[in-house]
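Asks: To start, I am sharing the structure in question, which I have written as structure tokens.
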Amino acid sequence: MRRIGMIDRIVVIGGGISGLSSAFYLQREAERQGKKAHVTIIDGAPVLGGKINTLQRDGFVIERGPDSFLARKLPIIELAKDLGIENELTAQNENGKTSYIMRDGKLHPMPKGMVLGIPTNLDTFMQTTLLSDEGKARSLEDLDMPSDAPDGDESLGDFLSRRIGSEIVKHISEPLLAGIYAGDLSKLSIRATFPQFAEAERQYGSLIRGTQMQQQNKTPQQAPDYLPEELKKSVFLSFKNGLSTMVDALDQALQSVDRRMGDAVTAIRPLDGEDATARYEVVMESGEVIPADHVLVTVPAFRAADLLEPLVDVAELRAINYVSVANVVMSFEKSTFDRSFDGSGFLVPRSEGLRITACTWTSNKWLHTSPDDKVLLRCYVGRSGDEAAAMLPDEELKKAVLEDIQKVLGIDAVPIFTEITRLPRSMPQYPVGHLDNTSALRARLSEELPGVYVTGAAFGGVGLPDCIRSGKDAAMEILATL
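Residue numbers in the sequence shown follow UniProt numbering, run continuously in steps of one, and reach 482 at the last position.
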């Protein structure tokens, strides 16, 4: 292959947060290291941002996609600092942190001292009305039962049922943990989702005892000094004008990067022979062909599989299923709502038979999202094995969600407006063996398609900080080869 010049051409496929983070760090670190790189971002969507989409309407700040992020995961805070928007960060309401879980048609507060649904304060756990006395006793058997963990990976559901029993899994673990992935606990990999649980059993012989010790021994969160105290104390963070603040800042920071928006990639072709001036060419729907020395694929696994399958075995990508969900946001006049909130929202187990899976009391959790005389609720619809409701026609979906809200909260208020956002095939499901699978895939790519990389939510976590971390890691891996 004959190279013209010394500039490495890097094509990033996907303009979501993973792709944007990759492009940002590729550009910045290449300049810092004195390396020459020409970056192109390609996305079939007309605008950048992927699932991040903030709507400003009538004084409301409405998130159509993700609505916040875990403050303890620093990659997103570091990126905000790098972009100069750290002063735009905002904490959740101090009086909006209690969460509830529904059982038998009533809302019960989450027991204090629960860590991801694992009881660490046994006194408060024994007082909860979420579980029967038999269910509590079965959970506490974990403290004395021997460890019988299988070799390798296992499903999150199998692990939790084995250690703390089926009742707590059904009424607490499932709505809480599966809700993060809109998933089925019996199919999700524990190593890829909550590896600290397996480590607690392995190290301490008990999930409860191990979680207690992990909490006692963990190093206090070292929040950056430049953050105000109220941000350091908040579990979740967002931006005052919504998460699109970060997308807009990345857009500005990447003005010198080539973009091909609204023009999807249809193929990646290896180039061979002495006359080839690049390793690959990236073919687009429009017919444009872009030469590339490195290709970073950040789109969902099923799209990545479509592009790579003609070139390499991608069974591991095909093993990652996706779940379709919808967000339904409703605004109300506070004067007609006739209900005040003392928490952040509630979760709905499958056994309750509602269409919604959770509801965030957004205007109470995030004070910046709503005028003072209004109420804003955000409801979630759809999960693994129950996706039909998320695809209902608009009017049917509005009616179904409002009926559920009225039933749970005992209100008869009529919404001022309703915003529906459908996210088809948006939630990746990490199967048992996921970490080994993705490691094998990346090794195969390195050997058979050198210069082609995969990253994004399908690999190392679905949260925004996880996607940013994976995007930065991919950028640094590419830069090391320039």
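Positions of the beta carbon are idealized from the N, C-alpha and C atoms, including for glycine.
#1: Return yes when the Cβ of A475 is within less than 9 Å of the Cβ of P300, no when it is not.
#2: Where do the N-terminal and C-terminal ends of the beta strand (DSSP E) with H368 fall, by residue?
#3: Does the count of Cβ pairs from the segment 344-356 and the segment 374-392 closer than 8 Å reach three?
#4: Using a threshold of 9 Å, state whether the C-beta atoms of H108 and S351 are closer than that.
#5: Measure from the alpha carbon of Q252 to the alpha carbon of each residue in S147, G165 and S21, then state which is nearest.
#6: Can you tell me which of P415, Y453, A413 and G461 puts its alpha carbon nearest to the alpha carbon of P431?
#7: For G210, does the count of other Cβ atoms within 10 angstroms reach 16, so buried, or fall short, so exposed?
#8: Could you give the residue range of the alpha helix (DSSP H) that holds N437?
#9: Could you check whether T120 and Q215 sit closer than 9 Å to each other, using their CB atoms as the reference points?
#10: Fully enclosed by the segment 213-248, which alpha helix (DSSP H) runs are 4 residues long or longer?
#11: Quick one: what's got a C-beta closer than 8 Å to F459's C-beta in the same chain, skipping five residues either side?
#12: What's the gap between the Cα of T277 and the Cα of E309?
#13: According to DSSP, Y100 sits in a beta bridge with which residue or residues?
#14: So, S344 versus N364, is the Cβ gap smaller than 9 Å?
#15: Please state if the CB of S238 and the CB of E63 are separated by a distance shorter than 9 Å.
#16: Alpha carbon to alpha carbon, how far is E403 from K374? Give it in angstroms, no decimals.
#17: Quick check on the DSSP output: the alpha helix (DSSP H) that includes A182 runs from which residue to which?
#18: Taking the C-alpha atoms as reference points, what is the distance between V289 and D272?
#19: Given a threshold of 16 other Cβ atoms within 10 Å of its Cβ, counted over all protein chains shown, does S340 qualify as buried or as exposed?
#20: Taking Cβ to Cβ, would you say L139 is nearer than 9 Å to E167?
#21: Taking 8 Å as the cut-off, does the segment 29-45 touch the segment 255-267 (at least 3 CB pairs, one atom from each stretch)?
#22: Just to confirm, are I13 and V414 a CB contact at a threshold of 9 Å?
#23: Y226: buried (16+ other C-beta within 10 angstroms of its C-beta) or exposed?
Replies: Per the coordinate set shown:
#1: Within the sequence shown, the letter at position 300 stands for residue 300. Within the sequence shown, the letter at position 475 stands for residue 475. Against a cut-off of 9 Å, the Cβ pair of A475 and P300 comes out as no contact.
#2: Taking the sequence shown and counting its residues from 1, one reaches residue 368 at position 368. No beta strand (DSSP E) contains H368, which DSSP labels as neither H nor E.
#3: yes
#4: In the sequence shown, the residue the question calls residue 108 occupies position 108. In the sequence shown, the residue the question calls residue 351 occupies position 351. Contact flag unset, no.
#5: On the sequence shown, position 252 is the one that residue 252 refers to. Comparing Cα positions, the closest option is S21.
#6: For the purposes of this step, residue 431 is taken as residue 431 along the sequence shown, with counting starting at 1. Answer by Cα proximity: G461.
#7: Mapped onto the sequence shown, residue 210 falls at position 210. It is buried - the Cβ of G210 has at least 16 other Cβ atoms within 10 Å.
#8: Here the question's residue 437 lines up with position 437 in the sequence shown. Residues H434 to E448.
#9: Position 215 of the sequence shown, counting from 1, holds the residue named residue 215. Position 120 of the sequence shown, counting from 1, holds the residue named residue 120. Cβ distance < 9 Å, so Q215 and T120 count as in contact.
#10: 229-232
#11: The residue you call residue 459 lines up with position 459 of the sequence shown. For F459, where only same-chain residues beyond five positions count, the Cβ hits under 8 Å are T438 and S470.
#12: As a working note, residue 277 is residue 277 in the sequence shown. As a working note, residue 309 is residue 309 in the sequence shown. Answer to the nearest angstrom: the Cα atoms are 24 Å apart.
#13: Against the sequence shown, residue 100 aligns to sequence position 100. P109 and F346.
#14: Working through the sequence shown from its first residue, we reach residue 344 at position 344. Working through the sequence shown from its first residue, we reach residue 364 at position 364. Against a cut-off of 9 Å, the Cβ pair of N364 and S344 comes out as a contact.
#15: Taking the sequence shown and counting its residues from 1, the one referred to as residue 63 is at position 63. Taking the sequence shown and counting its residues from 1, the one referred to as residue 238 is at position 238. Yes, the Cβ-Cβ distance between E63 and S238 is below 9 Å.
#16: By 1-based counting over the sequence shown, the position of residue 374 is 374. By 1-based counting over the sequence shown, the position of residue 403 is 403. In a straight line, the C-alpha of K374 is about 20 Å away from that of E403.
#17: Taking the sequence shown and counting its residues from 1, the one referred to as residue 182 is at position 182. A182 -> no alpha helix (DSSP H), and no H or E assigned at all.
#18: Residue 289 sits at position 289 when you count from the first residue of the sequence shown. Residue 272 sits at position 272 when you count from the first residue of the sequence shown. Their backbone Cα atoms lie some 16 Å apart in a straight line.
#19: Taking the sequence shown and counting its residues from 1, one reaches residue 340 at position 340. Exposed is the call here.
#20: Start at 1 with the first residue of the sequence shown, and residue 139 comes out as number 139. Start at 1 with the first residue of the sequence shown, and residue 167 comes out as number 167. Going by the sequence as given, residue 139 is Ser instead of Leu. Cβ atoms of S139 and E167: closer than 9 Å.
#21: yes
#22: Walking along the sequence shown from the start, residue 13 turns up at place 13. Walking along the sequence shown from the start, residue 414 turns up at place 414. It is not a contact, given that the beta carbons lie outside the stated cut-off.
#23: On the sequence shown, position 226 is the one that residue 226 refers to. Exposed.
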